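Residue numbers (this note's numbering), protein chains in the order written: chain B, 1 to 443; chain H, 444 to 626. Let me begin by presenting the structure, written as structure tokens, before commenting on it.
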């Protein structure tokens with residue numbers, strides 16, 4: 001239940017109490033369980049505050065962009081530092097007022113200060129005709145803005161920071177760069193947000209928008225690092241795509257298994273973008289790996305990636321996440337994430353041969369995905385929390401993929417597709433009826 | 444907790460001032476005490492979304508001979524001695540990994556290294572111009588692109604650092620030429 005649902009529920013409670021639908025005790029319990037934290041800014045407040053700050057900041061940058069070369073250097077430098085000073089004083093006042101400041105004012109102050117910082121650096125480099133690439137500028141801008149996320153708890157600056165470090169990481173994928181100027185720095189940059197995360201003297205959960213941006217930023221940052229470490233060695237230029245594709249899959253598995261608190265585990269999957277996006281990649285990768293050609297590439301890529309320290313770092317993190325997930329009984333996510341590790345089981349059996357026998361991996365992935373699909377359906381019928389429709393969809397996609405890869409005649413494939421389609425629809429009808437029965441029984 | 448917040452905020456404020464101020468200090472030193480050199484260059488007119496219109500300054504000298512015995516790879520920091528010719532323009536000579544004991548020199552980064560030659564990344568690559576003058580710069584460049592006189596970059600150099608002070612054409616400051624055309 002999100003905050004707007006909880007607010008609606010809390011608004012209804014007095015009337016329900018008056019009408020005798022709820023007892024006073026039941027209403028109190030509901031109030032306690034659905035308490036809304038009003039210290040968090042509402043979406044509309046953030047958007048309005050952020051838009052105002054963005055317009056002012058962008059206006060400032062555009063004024064700077066005009067280049068007032070009729071003024072002397074000291075005057076132009078004053079233009080750069082005056083907005084910075086004013087926004088710093090504004091933030092200081094907001095910080096001084098503490099909880100008395102409205103959340104949207106805090107957001108606006110932080111964003112204005114971040115933009116004034118960027119404008120100041122831009123104007124100084126304009127005045128002195130400084131060169132340099134814009135990713136470097138972006139890097140220093142977001143570094144100087146990061147403390148505002150901690151002290152003013154600004155969602156808008158956090159989102160700016162997450163987007164900036166992701167863009168920076170993509171731009172640093174270039175062969176021959178030192179590690180400290182490459183996407184390998186991304187994990188450290190992400191850790192920079194640690195004091196902002198829940199659990200660090202901050203019980204409030206991250207908003208859904210920050211979660212999505214953080215997940216997408218992490219995907220972009222870690223995938224850039226995977227591409228960077230997959231650079232071909234020696235004189236050859238380019239990247240080993242087979243290798244980084246498997247590293248991306250390990251990243252997806254680590255994201256899906258990222259440790260969650262008890263309340264995090266109880267939330268619906270749509271509020272956990274890391275689980276949603278990680279699982280989607282893993283299932284797509286799994287279905288693709290059922291094809292012989294793809295599984296051949298996966299094996300080659302995994303064998304090469306295992307020589308890279310980055311891969312071993314990912315595997316270590318994944319190992320820790322697997323243990324924690326097993327302790328929390330997150331079996332469904334564990335089952336999906338294990339698809340990423342199947343090449344490790346296959347490699348010892350094929351490595352001694354000159355050519356990779358991709359049939360073994362192809363069959364292993366097929367059986368594994370089929371087992372996941374069946375388990376997701378069976379769990380539901382066994383009265384436990386399953387995902388029957390996801391299970392049925394997975395089985396259908398798997399059958400279609402296998403049929404497409406087979407040497408059967410078009411007629412046989414056509415009948416098979418029709419059969420799968422009909423079975424899928426019948427299953428959907430069965431599940432709908434069962435849901436109606438459950439709802440009727442509950443009433 | 445509040446003290447910690449103020450402490451972090453104070454450090455952030457200091458850093459936000461220190462970053463641009465250190466740039467200003469370094470570049471003011473070079474402008475005040477540096478030697479003025481001239482480099483032949485070209486200057487097309489692109490745009491930076493944050494810093495406005497600028498002329499992309501490209502010194503014509505883009506490669507330097509690598510001395511025998513010096514192993515260079517891409518992205519290495521090197522020092523190049525500046526030698527002024529009879530025409531008044533400076534050129535790069537004798538690359539080394541350490542700063543030379545005397546004379547004017549530049550700290551540069553190497554690009555590709557091949558056939559005993561190294562391409563170099565100049566420490567300046569843009570000259571910002573007023574938005575009103577930028578369209579005129581476009582027209583002027585189109586008209587004079589084939590001129591034998593060429594554009595020269597006036598650069599101040601101090602302890603390996605360089606600050607682009609002005610662009611000139613036939614001895615006249617570039618901005619003055621453009622301003623005269625706008626009038």
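Glycine included, each C-beta is placed from N, C-alpha and C at the ideal position. The structure displayed is predicted, hence computed values, not measured ones.
DSSP state of residue i, grouped into three classes?
i                      : result
residue 278 of chain B : helix
residue 181 of chain B : helix
residue 211 of chain B : helix
residue 595 of chain H : strand
residue 608 of chain H : strand
residue 173 of chain B : coil
residue 541 of chain H : coil
residue 570 of chain H : strand
residue 340 of chain B : helix
residue 70 of chain B  : coil
residue 384 of chain B : coil
residue 518 of chain H : coil
residue 533 of chain H : strand
residue 559 of chain H : coil
residue 136 of chain B : helix
residue 146 of chain B : helix
residue 161 of chain B : helix
residue 547 of chain H : coil
residue 601 of chain H : strand
residue 554 of chain H : strand
residue 419 of chain H : Here chain H has residues from 444 to 626 only, and residue 419 of chain H is not among them.
residue 564 of chain H : strand
residue 615 of chain H : strand
residue 23 of chain B  : coil
Using a Cβ-Cβ cutoff of less than 6 Å, which residues in the same chain neighbour residue i once the five nearest sequence positions on both sides are dropped?
i                      : result
residue 192 of chain B : 146
residue 539 of chain H : 522
residue 57 of chain B  : 115
residue 400 of chain H : Not covered by the structure: residue 400 of chain H. The range shown for chain H is 444 to 626.
residue 27 of chain B  : 13, 17
residue 230 of chain B : 239, 240, 243, 244
residue 87 of chain B  : 112, 113, 116
Expressed to the nearest angstrom, what Euclidean distance is found between the alpha-carbon atoms of residue i and residue j?
i                      : j                      : result
residue 596 of chain H : residue 128 of chain B : 14 Å
residue 384 of chain B : residue 390 of chain B : 15 Å
residue 225 of chain B : residue 184 of chain B : 5 Å
residue 320 of chain B : residue 258 of chain B : 10 Å
residue 19 of chain B  : residue 103 of chain B : 36 Å
residue 566 of chain H : residue 606 of chain H : 8 Å
residue 410 of chain B : residue 306 of chain B : 41 Å
residue 289 of chain B : residue 173 of chain B : 27 Å
residue 246 of chain B : residue 279 of chain B : 15 Å
residue 341 of chain B : residue 133 of chain B : 39 Å
residue 277 of chain B : residue 256 of chain B : 8 Å
residue 317 of chain B : residue 332 of chain B : 19 Å
residue 603 of chain H : residue 298 of chain B : 49 Å
residue 430 of chain B : residue 423 of chain B : 10 Å
residue 479 of chain H : residue 140 of chain B : 30 Å
residue 110 of chain B : residue 82 of chain B  : 16 Å
residue 400 of chain B : residue 123 of chain B : 59 Å
residue 398 of chain B : residue 370 of chain B : 7 Å
residue 456 of chain H : residue 108 of chain B : 17 Å
residue 91 of chain B  : residue 190 of chain B : 24 Å
residue 367 of chain B : residue 408 of chain B : 20 Å
residue 286 of chain B : residue 365 of chain B : 6 Å
residue 405 of chain B : residue 250 of chain B : 26 Å
For residue i, which residues from the same chain have a beta carbon less than 8 Å from its beta carbon, with the 5 sequence-adjacent residues on both sides left out?
i                      : result
residue 179 of chain B : 185
residue 161 of chain B : 142, 145, 146, 149, 192, 193
residue 159 of chain B : 209, 210, 213
residue 505 of chain H : 562, 563
residue 163 of chain B : 213, 217
I'd like the list of long-range same chain contacts for residue i, defined as Cβ closer than 7 Å, with 5 residues on each side in sequence excluded.
i                      : result
residue 232 of chain B : 238, 239, 240
Sequence ranges, beta strand (DSSP E) only - wholly within the region 449 to 511 of chain H, length at least 3: 478 to 485, 495 to 499, 506 to 508
Going along the chain, which unbroken runs of the alpha helix (DSSP H) with 4 or more residues stay wholly within the region 224 to 290 of chain B? 241 to 256, 262 to 266, 273 to 289
Does the region 412 to 423 of chain B come within contact of the region 363 to 379 of chain B, defined as at least 3 CB pairs closer than 8 Å? no
Counting Cβ pairs, one atom from each stretch, are 3 or more of them under 8 Å apart for the region 255 to 269 of chain B and the region 325 to 341 of chain B? The region 255 to 269 of chain B is in contact with the region 325 to 341 of chain B.
So does the region 548 to 562 of chain H actually touch the region 512 to 520 of chain H, counting three or more Cβ pairs closer than 8 Å? yes
Closer than 8 Å is the cut-off here; do at least three beta carbon pairs connect the region 469 to 479 of chain H with the region 497 to 513 of chain H? no
Counting pairs of Cβ atoms below 8 Å between the region 104 to 121 of chain B and the region 535 to 552 of chain H, do you hit three or more? no
Is there contact here, the region 269 to 277 of chain B with the region 358 to 365 of chain B, by at least three beta-carbon pairs under 8 Å? no
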